[in-house]
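Visitor: Using my numbering, read the sequence shown as starting at 134 and increasing by one per residue.
All C-beta atoms, glycine included, are put in the ideal place defined by N, C-alpha and C.
The structure that follows is given in the form of structure tokens.
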Amino acid sequence: MPILRVKEIRDMPSEERRKKLNELKTELLRLKTMIKAGGTIEKPSRIRELRKTIAQILTVEHEQKLGLAKEKTKGKKKK
């Protein structure tokens with residue numbers, strides 16, 4: 134189950150996204166430190182989820198900075 138869905142990220146205000154980004158980065162750093170110290174973690178897949186969510190947040194921030202809007206297109210492209 135994803136930590137945050139892209140739709141949820143897009144609906145957040147910019148300040149809230151930055152706060153969430155800092156929280157996720159802190160958690161990722163903590164988990165990586167635990168592994169480096171020789172410990173084990175309950176859910177190793179959590180690291181992948183964190184990295185993916187961080188990337189999604191950064192992507193949405195960048196899109197909004199550039200003024201781009203992602204439109205979903207289903208099916209064939211119109212000519």
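1. Return the residue from the list LEU201, LEU164, ALA188 and LYS152 that minimises the CA-CA distance to VAL139.
2. From LEU191 to GLY171, what distance separates their C-alpha atoms?
3. Let's see if you can read the secondary structure: which residues bound the alpha helix (DSSP H) around LYS226?
4. Nearest CA to the CA of ILE136: which residue from LEU183, LEU199, GLY200 and LYS198?
5. Going by the beta-carbon positions, is the gap between GLU194 and ARG150 smaller than 8 Å?
Guide: On the basis of the supplied data:
1. ALA188
2. 30 Å
3. Summary: the structure shown does not reach residue 226, with the chain confined to residues 134 through 212, and so no result is reported for it.
4. LEU183
5. yes
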